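S.K.:
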Amino acid sequence: MVSYLYLELILTCLKAINSLKIDSRIMLFRIQQIALAKFPIILFGCMLLISTTIRGVAQIADNSLPASFQLNLKAAVLIPESELKAVNADEQIARDRAEGVENRYGVLDSLTVDIRTAGVYSEFGEYKIWRYALKCSDAQSLGIWFKTFDIPEGASLYVYSVDKVTVRGGFTVNNMKEDGQLTLADFKGSSLIVEYNEPMSAVFEGGVVIGGVVKAYQDLAAVAAERIQINCPEGDDWQNEKKAVAMFTFRDGDFSYYCTGGLVNNVREDAIAYFLTANHCVSQESEAQSSVFYFNFENSTCESSDGSMTQSVSGATFVAGNSYSDFSLLKLSEYPPRDFEPYFAGWDASGDIAQNGTCIHHPQGSTKCIALDYSSPESVRYSVSWSDGSVSQAFTHWEASYDDGTDEGGSSGGPLFDQDKRIIGQLHGGDDNSSLFGKFSLSWNYRSETTRQLKHWLDPDNTGILVLDGLDGYTKPVAEFTPDVSIVCLSESIQLNDESKYDPDRWYWEITPNTFSFINGTTSSSQNPQVQFSQEGTYTVSLLVENENGDDLSLQQDLISVYTELPVQFLGVSDEMTLCGWELDEFALVAEGAPEFEFDLTVSENFTFSQSGDSIILSLTADAKTNGSFDTYVKVTGSHGVCSASDSVLLHVVIPDNDNVAQAFPLKLGNNGTFSNECATVEQNEPAPDTEGCSVENNWCPPESDEVLDNSIWFYFEGPSSGRISIRAEGINAQIAVYRAANSDYLLTGSDASYSLIAAADEGLKSANEASIVDLKVTPGANYWLQLDGNDADSGDIKLELLTNSIEVYPNPSSGTYHLTIASEEAGDAELSVFSHTGQLIYSGLESFSPDNNTIDFNLSGNPAGIYYFRAIINGEIMSKKLILLR
635 MVSYLYLELI LTCLKAINSL KIDSRIMLFR IQQIALAKFP IILFGCMLLI
685 STTIRGVAQI ADNSLPASFQ LNLKAAVLIP ESELKAVNAD EQIARDRAEG
735 VENRYGVLDS LTVDIRTAGV YSEFGEYKIW RYALKCSDAQ SLGIWFKTFD
785 IPEGASLYVY SVDKVTVRGG FTVNNMKEDG QLTLADFKGS SLIVEYNEPM
835 SAVFEGGVVI GGVVKAYQDL AAVAAERIQI NCPEGDDWQN EKKAVAMFTF
885 RDGDFSYYCT GGLVNNVRED AIAYFLTANH CVSQESEAQS SVFYFNFENS
935 TCESSDGSMT QSVSGATFVA GNSYSDFSLL KLSEYPPRDF EPYFAGWDAS
985 GDIAQNGTCI HHPQGSTKCI ALDYSSPESV RYSVSWSDGS VSQAFTHWEA
1035 SYDDGTDEGG SSGGPLFDQD KRIIGQLHGG DDNSSLFGKF SLSWNYRSET
1085 TRQLKHWLDP DNTGILVLDG LDGYTKPVAE FTPDVSIVCL SESIQLNDES
1135 KYDPDRWYWE ITPNTFSFIN GTTSSSQNPQ VQFSQEGTYT VSLLVENENG
1185 DDLSLQQDLI SVYTELPVQF LGVSDEMTLC GWELDEFALV AEGAPEFEFD
1235 LTVSENFTFS QSGDSIILSL TADAKTNGSF DTYVKVTGSH GVCSASDSVL
1285 LHVVIPDNDN VAQAFPLKLG NNGTFSNECA TVEQNEPAPD TEGCSVENNW
1335 CPPESDEVLD NSIWFYFEGP SSGRISIRAE GINAQIAVYR AANSDYLLTG
1385 SDASYSLIAA ADEGLKSANE ASIVDLKVTP GANYWLQLDG NDADSGDIKL
1435 ELLTNSIEVY PNPSSGTYHL TIASEEAGDA ELSVFSHTGQ LIYSGLESFS
1485 PDNNTIDFNL SGNPAGIYYF RAIINGEIMS KKLILLR
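In this text, residue positions in the sequence shown follow the numbering used here: the first is 635, and each later residue adds one.
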């Protein structure tokens, strides 16, 4: 007898280990019944072996056994039973086909069964036990909805087959939901037993009330030959992404349906259980609450039929959705356990066209399949009318035409992945030729309401990220951290801020050297410790983070610098620097040496400025750009707590006085001195000659760059009485042009009808740095503007001469004093004479002149008013003028 029991025990162990058809907990119970107390060591080893070999087979449950399994097997008790109306599968399937509904699979029987009052009651040990049976003769499976599930700590709910081979549960307080309901995954077969166990010492009486039973008339495991199972070769590259996709069932009215969807990542990457599916599947809270999600429901190979629906979670909340792009976003009420290996798929909300498209789905509620379009999905350019009467507008969907595989009813909501394995849409529907997917990019933020868009939920911090990769649901943390400041005053404290990803729950900080202390109750294992240093120097910080999935270390060498006196200074500049005015447009001066900064300007009225952290951003005002060069000091004060230090820089801001046409410099005859076009700019609509060639009249040489003008400055003059003038610009590779216009505004209209180009020249083919215009004919007294620019941005000092073969006397008329300008390239003597109208000599003189000093003054104020005649002999050449003397 002993040897037989021993042998039976061993055989039972082996059978349990090698078969998944018998629930592991049932097998342990049978072993316990056989072994009794005679083989405690063997029994323990066998039970341990089984518990580590066979995976659990229920939606999130504690995998315990019903208390009734421990009752005396000789005691037969009649269990009350509800005989449900037959489902009549053929009739229901015909109805589905007639109505064009492809994803309906079950009929809901509404009933109210309070397990505590309708079930048979018994006791075992410290537990009260209630049992109740349900049966539908022709159902493929039964799915129970508990409209009330409110139980105390220690209580458990189970469902199991009549032969006790298949058990689900126990469902405990951990399965309770905010709505007080519970929907269990479909239970294979036409009958089952519900058992509720409650501790004798429970703090309150639990409520377990059945509200309805879904009677399935279709077998969800059926397989069609044209489908490609996810574990066929075509799915080899999709083994991560497939873990995001799940089939789910839900109730709507008197029927139950199935669809597909997938877990999606969010920008925080904190693994919130968001689930994307189609809006035409689930569009309201009651449907979401009734849903059951089946993960890893797939055949292990291309040819096998071993898909299991045992990995399920129950219930969800409706987060967002709209019919425009046919999306719904749910949040699962239960987080998928570790052995589900959940994966949160990445996505692309940019709207860019993908190179190809892949859909992972559950056709007709069966095992997971894959369909592939090797070309780019196209944006649907037409509106689409659906069988339910809804219409999708043009450009709201992607159209995929599969090269391999197919989708069917029940595939709705299945994600469409691009070549980078990111979701770009979810299946709305289609025909034999193509399938249409609502665009993820439109679901993102096409609607402004938070309940009708994805962005609010998947990018809650509004980072602007539009492309995100996927995430393992149970991934080890990634250590990341920053100090609130990295430059520290010795007398102050800082905080180290944990920024690690993927939810660590343990932190271990190390700082070297050890001349520091944790303060304010924080320690080396605090998430965000506070630290104070006792010695100047540079400190290295490391953080080790852990969670149940693993650990990660981040080491940052020389992260924190501690000073008694802060080393505040401007970065990369000297104490004094020269800048062109045009450079001061969003010009940044950056400071270093402190965590906080304040800035000050001595000529602040010339600037618009803003501070951004360690930088001051400077721009000249419009007035400052026309007011000429100036100097200003910029001062920075850096601080940390009570510590502060300062630095300053002197800016020489260079703005040419005659940069703009309106500020043109007046020229006199002769040598006008030296000017500079350094820091000059080009105005909007500023004119320029054509650049047809160096020897082409009134043209400039073609520039090497695309810009004709680079750094022009402006002058004006009046046409001399001689009607002739020569201009010479010497010093750089200059280009000059003369314009005639009524005033400076006419030169900036952008139309050459407002002015006349009189002459143009540049250095051209000459060897010297000189641009000249010789013997230009002009109108005496007319206004002329001279433009001077550096060819190909050449800049520097330019000597400018205005020459003529005449003398100029001004003012004329005059009340007595006259100025004589002699425009000559050579120095010499001028013999001057003034005669009255009767020929009487009233003034004479001999004066010297040079190109740099060519103005001679003489005074006739002692003479009566009238007309006089002026004569000058200049280097042997006689010139004369008529003078008018006023009182």
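Glycine residues also receive a C-beta, built at the ideal position from the N, C-alpha and C atoms.
Treat the numbers as computed from the prediction; the structure is a model and nothing was measured.
1. Tell me, please, which residues DSSP counts as bridged to residue 1478.
2. Using 9 Å as the threshold, is the C-beta distance between residue 1204 and residue 1225 below it?
3. Return the residue from the list 978, 983, 873 and 1003 that minimises the CA-CA distance to residue 937.
4. Which residue's Cα is closest to the Cα of residue 1517: 1128, 762, 1063 and 1469?
5. Consult DSSP for residue 1034 and reduce its assignment to one of helix, strand or coil.
6. Measure the CB-CB distance between residue 1060 and residue 912 and report whether it falls below 9 Å.
7. Are the segment 1247-1265 and the segment 1277-1287 in contact at 8 Å, needing three or more beta carbon pairs?
8. Quick check on residue 750: does DSSP put it in helix, strand or coil?
9. Beta-carbon separation of residue 958 and residue 1140 under 9 Å?
10. Thinking C-alpha only, which one of 883, 973, 760 and 722 is nearest residue 702?
11. Over the uninterrupted alpha helix (DSSP H) stretch that includes residue 727, give me the two end residues.
12. On a Cα-Cα basis, can you pick out the residue from 1318, 1319 and 1298 that is closest to residue 1309?
13. Could you give the DSSP three-state label for residue 678: helix, strand or coil?
14. Rounded to the nearest angstrom, what separates residue 990 and residue 1050 at their Cα positions?
15. Restricting to Cα atoms, I'd like to know which of 1506, 881, 1494 and 1384 is closest to residue 1483.
16. So is residue 1073 buried or exposed if we call it buried at 16+ other beta carbons inside 10 Å?
17. With a threshold of 9 Å between beta carbons, is residue 1102 in contact with chain B?
18. Should residue 1442 be labelled buried (16 or more other beta-carbon atoms within 10 Å of its own) or exposed?
19. So, with DSSP's three-state summary, where would you put residue 1240?
20. Use the C-beta contact count for residue 682: other C-beta atoms within 10 angstroms, 16 or more gives buried, fewer gives exposed.
21. Just to confirm the assignment, what range does the alpha helix (DSSP H) spanning residue 1089 have?
22. With the cut-off set at 9 Å, would you say residue 1071 and residue 1011 are in Cβ contact?
23. Identify every residue that forms a DSSP beta bridge with residue 914.
24. From what residue to what residue does the beta strand (DSSP E) around residue 998 run?
25. Among the residues of its own chain, which have a CB less than 7 Å from the CB of residue 743, if the five just before and after it don't count?
26. Quick test of your reading: residue 924 and residue 817, contact by CB under 8 Å. State the CB separation rounded to the nearest angstrom.
27. Measuring straight from C-alpha to C-alpha, what distance separates residue 1218 and residue 1392?
28. So, do the segment 873-890 and the segment 971-980 have three or more beta carbon pairs nearer to each other than 8 Å?
29. Using the three-state DSSP reduction, which class does residue 1380 fall into: helix, strand or coil?
30. Quick one: Cα of residue 1447 to Cα of residue 1240, how far?
31. According to DSSP, is residue 614 helix, strand or coil?
32. For the alpha helix (DSSP H) that contains residue 1131, what are its first and last residues?
33. Please go through the same chain and pick out, in chain order, the residues whose beta-carbon is closer than 8 Å to the beta-carbon of residue 1251, but skip the five residues on each side of it.
34. From the DSSP secondary-structure annotation, give me the bridge partner or partners of residue 921.
35. Considering only their Cβ atoms, is the gap separating residue 1424 from residue 1367 smaller than 9 Å?
36. Can you give me the C-alpha to C-alpha distance between residue 792 and residue 811, rounded to a whole angstrom?
M.R.: Taking the structure as given:
1. Residue 1478 pairs with 1467.
2. In this structure, the beta-carbon distance from residue 1204 to residue 1225 falls below 9 Å.
3. Comparing Cα-Cα distances from residue 937 to each of 978, 983, 873 and 1003, the minimum goes to 1003.
4. The option with the nearest alpha carbon to residue 1517 is 1469.
5. Reduced to three states, the DSSP call for residue 1034 is strand.
6. Yes, the Cβ-Cβ distance between residue 1060 and residue 912 is below 9 Å.
7. Verdict: yes, contact present.
8. Collapsing the DSSP output to three states places residue 750 in a helix.
9. Residue 958 is not a Cβ neighbour of residue 1140, given a cutoff of 9 Å.
10. When only C-alpha atoms are compared, the closest one is 760.
11. Residues 723-733.
12. The option with the nearest alpha carbon to residue 1309 is 1298.
13. For residue 678, the pLDDT reaches just 36, beneath the cut-off of 50, and the residue's location in the model is therefore unreliable, leaving the point undetermined.
14. Each residue's Cα considered, the two are about 10 Å apart.
15. Ranking the options by Cα distance to residue 1483, first place goes to 1506.
16. The residue is buried, with at least 16 neighbouring Cβ atoms inside 10 Å.
17. Here there is only one protein chain, and chain B is not present.
18. Under this definition residue 1442 is a buried residue.
19. Residue state, collapsed to three classes: helix.
20. Confidence at residue 682 is low in this model, with a pLDDT of 35, below 50, so its placement is unreliable and the value that follows should be read with caution. Per the 10 Å Cβ criterion, exposed.
21. Secondary structure note for residue 1089: its alpha helix (DSSP H) is the uninterrupted segment 1089-1092.
22. Yes, these two residues count as a Cβ contact at 9 Å.
23. Partner(s): none; residue 914 has no beta bridge.
24. Boundaries for residue 998: no beta strand (DSSP E) harbours it, and the DSSP string shows neither H nor E there.
25. Once the five neighbours on either side are set aside, the close Cβ partners of residue 743 are 718, 719, 846, 847 and 849.
26. The pair is a contact, with the Cβ atoms about 5 Å apart (cut-off 8 Å).
27. Approximately 35 Å, taken between the alpha carbons.
28. With a cut-off of 8 Å, the segment 971-980 and the segment 873-890 count as touching, because enough Cβ pairs lie within range.
29. Correct three-state label for residue 1380: helix.
30. Each residue's alpha carbon lies about 43 Å from the other.
31. Residue 614 cannot be examined here, being either before or after the span of the chain that is shown, 635 to 1521.
32. Element bounds for residue 1131: not the alpha helix (DSSP H) but the beta strand (DSSP E), 1127-1132.
33. Around residue 1251: 1220, 1221, 1222, 1243, 1244 and 1245.
34. Per DSSP, none; premise fails for residue 921.
35. Yes; because the gap between Cβ atoms is below 9 Å, this pair is in contact.
36. The straight-line gap separating the alpha-carbon atoms of residue 792 and residue 811 is approximately 17 Å.
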